[in-house]
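2 protein chains.
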Amino acid sequence: MRPITPWEPFAEVQEQVLHGEGAFLVTADAAGRPNAMTIGWLQLGTVWGRPVAQVLVRPSRYTHGLLASGEFVVAVPLGRMGEELAFCGSRSGRDVDKFRELRLRSAPGTAVRVPLLPDCAIAYECRVVARAELRPEGILDEGIRAKYYARGDLHTLFLGEVLATWDLRE
Amino acid sequence: MRPITPWEPFAEVQEQVLHGEGAFLVTADAAGRPNAMTIGWLQLGTVWGRPVAQVLVRPSRYTHGLLASGEFVVAVPLGRMGEELAFCGSRSGRDVDKFRELRLRSAPGTAVRVPLLPDCAIAYECRVVARAELRPEGILDEGIRAKYYARGDLHTLFLGEVLATWDLRE
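Structure follows, in structure tokens:
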């Protein structure tokens, strides 16, 4: 596993997220039990002079509560793990231990208590430094409102400082 | 001027933003008069299945009101235009017509009514699809709170769908 800049794999990661099968958003509960949900959206960039990865999670999701721990890992399997992504995108960690069920391999994070997924290609270790709530009046595009928010449950934006980025293929 | 994907110049753009002199956030008022502020922060990625550029602007800024037009351009001068960036970062468009003062060259946007800056290297044409307000309880990092928010004026996050991305050097 090789340390890289957060920008290095960006094009590949966005292709996987936008046109591929998504990525894992990994969190852990107070006892250290990990969970993974599937995300199809991810932003990356600079805020407050720091590299920041931003994920959007609906309040109804199990992961939303786990993010109160203040840490997450975005693990990106470039062109692999389609079955695991499908499972993690359709089941809730409230009902099933996804790591056990899928026999997901994990490795300790180096900067956070959330594990990495060594079978992925890229991992971003993040600490939540800020969050912001989407509110109905903030959704300005009617297509987005109709497609994603007909039932409310508007996403929270979690801004995570990227503490470490890894290429796990090497 | 060559159309590119939003991801293509990301590493260069982030280096300019994070370690360099920043980028221009260009907007226009109701009469079409353009303005540019200097930004040192920029996020890019996928949200709602669309490419999104996210900028943060304090409510006190002249640009904050102009963003009500629903459109902006992020114009990135890789390693150039340091003087112009310094000027646009220290003066308000309320007091001075920056385009006239700096004799900034402009070219019509192709997807928005905000102009491009043909002397920049990269330009993202964006339509604001959502916004979210940072609130005091959402700032979880004490260092960020102390350094950026001692006087309040918490940033609004503007999420702009990227309608076109240009390499202006060719």
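Line order of the protein sequences matches chains A and Z.
The numbering used here numbers the first residue of the first sequence as 946 and each following residue consecutively.
The numbering used here numbers the first residue of the second sequence as 946 and each following residue consecutively.
Note that CB positions come from ideal geometry on N, CA and C, so glycine has one too.
Note that the structure is predicted; figures quoted are calculated from it, not measured.
Per DSSP, which one or two residues make a beta bridge with residue i?
i: F969 (chain Z); result: Z:T983 and Z:A1020
i: Q959 (chain A); result: None, per the DSSP bridge assignment.
i: V997 (chain Z); result: Z:G990 and Z:E1106
i: W1111 (chain A); result: A:P948 and A:A1068
i: A1077 (chain Z); result: Z:L1102
From what residue to what residue does the beta strand (DSSP E) around residue i run?
i: T1055 (chain Z); result: Run containing T1055 (chain Z): none; DSSP gives neither H nor E here.
i: L1011 (chain A); result: Note, L1011 (chain A): premise wrong, no beta strand (DSSP E); alpha helix (DSSP H) at Y1007 to L1011.
i: G1088 (chain Z); result: Looking at the DSSP string, G1088 (chain Z) is not in any beta strand (DSSP E); the run it does join, the alpha helix (DSSP H), is E1087 to Y1093.
Output the boundary residues of the alpha helix (DSSP H) element that contains residue i.
i: G1027 (chain A); result: G1027 to S1035
i: R1045 (chain A); result: K1043 to E1046
Keeping to the same chain, check which residues put their C-beta closer than 8 Å to that of residue i; ignore five residues upstream and five downstream.
i: E953 (chain Z); result: T1110 and D1112
i: S1129 (chain A); result: Since the displayed chain A opens at 946 and closes at 1115, residue 1129 (chain A) lies outside it and no answer follows.
i: F955 (chain Z); result: L989
i: A975 (chain A); result: S1014
Using a Cβ-Cβ cutoff of less than 7 Å, which residues in the same chain neighbour residue i once the five nearest sequence positions on both sides are dropped?
i: L1047 (chain A); result: E1029 and F1032
i: T950 (chain Z); result: T1110
i: L1012 (chain Z); result: T972, V1002, V1073 and F1103
i: A1020 (chain A); result: A968, F969, V971, L1061, L1062, C1065 and A1068
i: R1058 (chain A); result: A973, G977 and E1016
i: P1053 (chain Z); result: P1060
i: R909 (chain A); result: Outside the displayed range of chain A (946 to 1115) lies residue 909 (chain A), so it cannot be described from this structure.
i: E957 (chain A); result: L1023
i: T983 (chain A); result: G967, F969, L1030, C1033 and G1034
i: R1006 (chain Z); result: M982
Excluding five sequence neighbours on each side, which residues of the same chain lie with their C-beta closer than 6 Å to the C-beta of residue i?
i: A981 (chain Z); result: F969, V971, C1033 and K1043
i: R1107 (chain A); result: The sequence shown places Val at residue 1107 (chain A), rather than the Arg named in the question. Same-chain partners within the cutoff: P951, P996, A998, Y1069 and C1071.
i: A1142 (chain A); result: As displayed, chain A neither begins before 946 nor continues past 1115, which places residue 1142 (chain A) out of reach and without an answer.
i: R1114 (chain Z); result: A1066
i: L1099 (chain A); result: L1079
i: W986 (chain A); result: L1001
Can you list, in chain order, the residues of the stretch 946-976 of chain Z whose Cβ is nearer than 9 Å to any Cβ on chain A?
Within the stretch 946-976 of chain Z, the residues whose Cβ lies closer than 9 Å to some Cβ of chain A are T950, P951, W952, E953, F955, A956, E957, V958, Q959, E960, V962 and L963, listed in chain order.
At a CB distance below 9 Å, what residues from the stretch 1064-1078 of chain Z approach chain A? Give them in sequence order.
Considering only beta carbons, the part of the stretch 1064-1078 of chain Z lying closer than 9 Å to chain A consists of R1072, V1073, V1074, A1075, R1076, A1077 and E1078, in chain order.
Give me the subset of the stretch 1086-1098 of chain Z whose CB atoms are less than 7 Å from a CB atom of chain A, sorted by chain position.
From the stretch 1086-1098 of chain Z, only D1086, I1089 and Y1093 have a Cβ closer than 7 Å to chain A.
Residues of the stretch 984-1010 of chain Z with a CB closer than 9 Å to any CB of chain A: list them in chain order, please.
Of all residues in the stretch 984-1010 of chain Z, only G985, W986, L987, Q988, L989, G990, T991, V992, W993, G994, R995, P996, V997, A998, Q999 and L1001 come within less than 9 Å of chain A when Cβ atoms are compared, listed by chain position.
What are the residues of the stretch 1022-1052 of chain A that lie near chain Z, defined by any Cβ-Cβ distance shorter than 8 Å?
Within the stretch 1022-1052 of chain A, no residue places its CB atom closer than 8 Å to a CB of chain Z.
Pair every Cβ in the stretch 989-998 of chain Z with every Cβ in the stretch 958-965 of chain A, then say whether three or more of these pairs are closer than 8 Å.
Contact holds: three or more Cβ-Cβ distances are below 8 Å.
Could you run through the stretch 1096-1115 of chain A and flag, in chain order, every residue whose CB is less than 8 Å away from some CB of chain Z?
L1102 and E1106: these are the residues of the stretch 1096-1115 of chain A whose beta carbon lies less than 8 Å from some beta carbon of chain Z, given in chain order.
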